[in-house]
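Report on the following structure.
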Amino acid sequence: MTSNKNRYRLGIDAGGTFTDFVVADRESGEIKLFKALSTPTDPTKAIRNGLKLIHEAIGVSPEELVSQSDLCINGTTVGLNALITHRGGKTGLIATAGHEDSIEIRNGHKEDGFRYDPEYPAATMLVPRYLRKGVRERVLSDGSVRTPIHEEDVRAACELFLKEGIETVAISFVWSVLNPAHERRAAEIVREMMPDAILTVGSELYPQVREYTRTSTAVVNAYLAPVMRRYVRAVDAYFRDLGAAQPVRYFQSNGGLAIGQVMTDRSVYAINSGPASAPQAGLYVGAPFGKKNVITVDMGGTSFDITLTKDGQTNLNKNIDFLRYRIGVPMIQVETLGAGGGSIGWIDPLGIIQVGPQSAGSEPGPACYGQGGTEPTTSDANLVLGYLSPDGLLGGKLPLDIERARAAMRRVADPLGISIERAAYGMYTIVNNNMVNGIRRVSVERGYDPRDFVLVGAGGATAAHITALAREIGIDTIILPKLASGLCAFGQIISDVKYNYMATAPVRLDNDAAYKRIDDLYKQVEAEGRQHLVSDGFTDETIEIRRSLDMRYVGQVHECTVDIDMFDIDETTIDRVKEAFHRRHKELYTYAEPHNPVEVVNIESTLYGRIEKPKLPEKPKAGAVGGAIKDHRDAIFDASGKATRTPVYDGEKIGTGEPIKGPAIIEEVTTTIVIEPGWTAVLDKTNSYLITRDQ
């Protein structure tokens with residue numbers, strides 16, 4: 001029996017349109033899902049609204065729920081939205097003199113090679129040119145000091161920043177990863193002169209070789225830090241007032257949890273906070289079916305997120321351009337598109353229907369929500385096609401207006417001279433094609449055959465499109481859990497605390513001194529990580545460490561990441577490291593050069609604080625599937641616009657093991673599943689629908 005003190009676990013995933021809440025009752029084994037409209041201007045308001053819904057449904061007050069939860073976990077799009085909309089903090093950059101423009105030069109990369117106007121790419125710079133100040137100092141590539149730091153330059157920068165109202169500062173000097181003394185002294189001066197400013201030091205945040213990547217990562221971190229600090233303080237204070245026994249844990253883009261202070265200090269890890277939990281959830285629901293090759297797709301109100309997991313391992317990205325900003329720290333590889341239930345349909349100058357990336361969001365939302373929206377959206381198209389119930393979503397708590405949806409669809413239909421139904425199916429097809437192209441980018445374009453994977457559905461809007469996506473991409477098996485619309489929130493409550501620690505180690509693997517340096521660096525960063533986790537309440541038995549190195553052949557420009565086991569690195573084990581590199585190089589590039597010398601560039605240790613995982617409740621077999629039919633309605637499944645009389649099932653009454661052949665519509669409280677002709681769905685005892693293509 002679980003004590004009342006630790007009876008619940010609460011996961012909250014704040015999206016652009018809806019905020020999802022998953023409550024795991026560790027005593028009864030039940031897991032319940034709730035949804036509230038997001039409130040972008042005040043995210044804590046959506047949390048209050050969601051806790052109120054939980055109170056009304058299960059009779060547990062917010063105070064009881066929070067005080068009796070072992071963990072309250074929050075995934076948020078606050079950081080991502082701030083980066084997308086350029087609403088971060090006013091940021092200043094202190095750099096080595098002559099390197100103030102590295103974030104603009106971007107290693108020479110330019111997305112549009114034919115643009116020469118002076119505003120490109122300055123309009124998208126997080127730090128305008130006049131707020132990037134150079135400091136006379138220089139550390140060489142061997143760590144020696146060529147030019148001592150001119151402290152008066154740092155003080156002059158601070159005087160300008162104070163005058164300009166700068167609230168956050170990034171410091172990044174050349175080769176600071178080999179000798180951080182100048183950065184540390186500059187940081188002391190900034191703290192002295194600007195005690196209220198948030199400070200990001202490049203060699204502390206991202207201690208890795210490559211000056212542009214380190215500077216860009218530091219700037220993004222600094223830019224997001226004020227936004228995340230305000231958000232974390234508001235959420236932490238709210239949960240403290242409710243009696244939280246543990247600090248709120250926030251989901252990071254590396255796929256793990258962290259306390260609020262970490263999310264403020266390392267705000268760059270908040271960028272993909274929400275969708276980064278999807279792979280963990282996808283693997284979890286796929287495990288009972290023996291599936292380790294999983295593509296998880298999450299269509300919400302605003303965006304469509306895709307992650308791929310092969311053989312139980314989800315790809316981590318480092319050194320990527322995200323929204324044209326170089327991010328060096330590890331992030332779960334997420335492909336994000338502007339395709340959601342609120343994506344707006346429009347006609348381009350060539351007279352072709354397009355959908356998104358613009359979204360109606362939660363305010364005003366799709367036209368059918370009746371909250372002032374007038375543009376045609378994916379949700380309006382789905383309602384016109386008969387996929388969504390005119391009685392509304394969320395069990396009728398969010399009523400839908402079919403006439404408003406049809407009026408909105410006329411904006412697309414009338415200019416093209418086609419029926420509303422054909423326009424709706426056109427929008428449905430186009431948004432599906434956009435999503436399929438995204439799936440191809442994470443699979444086919446990276447050497448994976450999507451037919452070797454199962455498709456796991458997440459997000460409230462995905463289920464209406466899931467069989468169409470699988471049909472188009474060639475996947476024959478779909479797993480759609482009843483918790484699909486809150487799967488990312490569920491992924492949070494089954495995830496561990498996770499911290500990445502890095503260090504630079506540019507050494508050739510051909511001498512004993514190199515082995516000792518690498519071994520010492522690992523022990524140094526891992527001791528720091530262990531201390532961090534122990535202070536966070538974990539014991540040695542619940543701490544796990546995984547190691548990797550960035551390696552290359554001597555003379556190569558780019559390196560690859562190589563995972564290694566836990567062992568002392570010395571002359572007796574170094575061959576294991578080299579063999580792991582040769583093997584990984586061959587996997588990535590089809591060849592290896594075992595006789596060529598190898599060098600290490602960076603090392604990384606990932607430390608996990610393992611937490612107990614709640615289990616999905618199993619559903620007993622009950623009732624014949626025919627008894628679950630609650631209605632029939634006309635639905636359109638092809639471009640002709642001709643409707644088919646389609647059975648509508650009450651998901652709460654469907655028993656396990658009973659096949660439901662398409663065409664069919666299954667209405668769950670938080671999602672609607674459209675089963676196209678040629679597909680069959682069976683509810684498994686794990687509360688997931690297994691949907692397969694008919695042979």
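Per the UniProt record's numbering, the very first residue in the sequence shown carries number 1; after that it's consecutive.
A virtual CB, placed ideally from N, CA and C, is assigned to each residue, including glycine.
Check: Tell me TRP346's beta-bridge partners as DSSP assigns them.; Outcome: GLN354
Check: For the beta strand (DSSP E) that TYR250 lies in, which residues bound it at each end?; Outcome: 249-251
Check: Are THR504 and ASN602 close, meaning C-beta to C-beta below 8 Å?; Outcome: yes
Check: With 16 other CB atoms within 10 Å as the buried threshold, where does ALA170 fall?; Outcome: buried
Check: Within a Cβ cutoff of 7 Å, which residues of the same chain sit near residue 696, ignoring the five residues on either side of it in sequence?; Outcome: This structure cannot settle anything about residue 696, because the visible part of the chain is limited to 1 through 695.
Check: For ALA218, does the three-state DSSP call read helix, strand or coil?; Outcome: helix
Check: With a threshold of 16 other CB atoms inside 10 Å of the CB of ILE166, please say whether the residue is buried or exposed.; Outcome: buried
Check: At what residue ranges does the stretch 169-254 contain a whole run of the beta strand (DSSP E), taking only runs of 3 or more?; Outcome: 198-201, 249-251
Check: Considering Cα atoms alone, identify which of VAL554, LEU224, ASP391, ALA181 is closest to THR200.; Outcome: LEU224
Check: Thinking just about the alpha-carbon of each residue, which of LEU80, LEU549, GLY459 is nearest to the one in ASN500?; Outcome: LEU549
Check: Answer with buried or exposed for ALA527, where buried requires no fewer than 16 other C-beta atoms within 10 angstroms of its C-beta.; Outcome: exposed
Check: Measure the Cβ-Cβ separation of SER688 and VAL285 and say whether it is below 8 Å.; Outcome: yes
Check: Looking only at its own chain, which residues have a Cβ that is under 6 Å from the Cβ of VAL682, when we skip the five neighbours before and after it?; Outcome: PRO659, LEU690
Check: Would a C-beta distance cut-off of 8 Å place SER273 and GLY75 closer than the cut-off?; Outcome: yes
Check: With a cut-off of 8 Å, do at least 3 Cβ pairs link the stretch 516-523 to the stretch 562-581?; Outcome: yes
Check: Return the chain-ordered list of same chain residues with a C-beta closer than 7 Å to the C-beta of ARG229, the five sequence neighbours on each side being excluded.; Outcome: ILE198, THR264
Check: Which residue wins for smallest C-alpha separation from TYR428, given the options ALA234, GLY290, GLY341?; Outcome: GLY341
Check: Can you tell which of GLU375, GLY386, LYS32, VAL431 has its C-alpha closest to the C-alpha of ALA407?; Outcome: GLU375
Check: By how many angstroms is the C-alpha of LEU388 removed from the C-alpha of HIS99?; Outcome: 55 Å
Check: Is it the case that the stretch 233-242 contacts the stretch 288-298, given that we only count it when at least three CB pairs across the two stretches are under 8 Å?; Outcome: no
Check: Going by C-alpha to C-alpha distance, which of ALA187, SER277, GLU612, SER203 sits closest to ILE12?; Outcome: SER277
Check: For LEU337, does the three-state DSSP call read helix, strand or coil?; Outcome: strand
Check: Are there three or more Cβ pairs, one per stretch, closer than 8 Å when the stretch 213-227 is compared with the stretch 320-329?; Outcome: yes
Check: Let me check understanding here. Comparing Cα to Cα, which of GLN556, CYS488, ALA468, LEU93 lies closest to SER253?; Outcome: CYS488
Check: Pick out whichever of VAL562, PRO614, LYS613 has its Cα sitting closest to the Cα of VAL598.; Outcome: VAL562
Check: Quick check on the DSSP output: the alpha helix (DSSP H) that includes SER535 runs from which residue to which?; Outcome: 512-535
Check: Looking at the secondary structure, which residues open and close the beta strand (DSSP E) in which SER102 lies?; Outcome: SER102 -> not in any beta strand (DSSP E); alpha helix (DSSP H) instead, spanning 102-105.
Check: What are the start and end residues of each continuous alpha helix (DSSP H) run of 4 or more residues lying completely inside the stretch 246-305, in chain order?; Outcome: 260-265, 278-286
Check: From the DSSP output, in three-state form, read off LYS498 for me.; Outcome: strand
Check: Looking at LYS653 and GLY627, is the spacing between their C-beta atoms short of 8 Å?; Outcome: yes
Check: Rounded to whole angstroms, what's the CA-CA distance from ARG530 to SER303? Just pull it up for me.; Outcome: 37 Å
Check: Expressed to the nearest angstrom, what Euclidean distance is found between the alpha-carbon atoms of ARG146 and HIS182?; Outcome: 12 Å
Check: For GLY89, count neighbouring Cβ atoms within 10 angstroms of its own Cβ and tell me buried if that reaches 16, exposed if not.; Outcome: buried
Check: CB-CB under 6 Å to GLU472, same chain, minus the five flanking residues each way: which ones, in chain order?; Outcome: VAL436
Check: Assign SER359 to one of two classes, buried (16 or more other C-beta atoms within 10 Å of its C-beta) or exposed (fewer than that).; Outcome: buried
Check: Between which two residues does the alpha helix (DSSP H) harbouring CYS488 extend?; Outcome: 487-493
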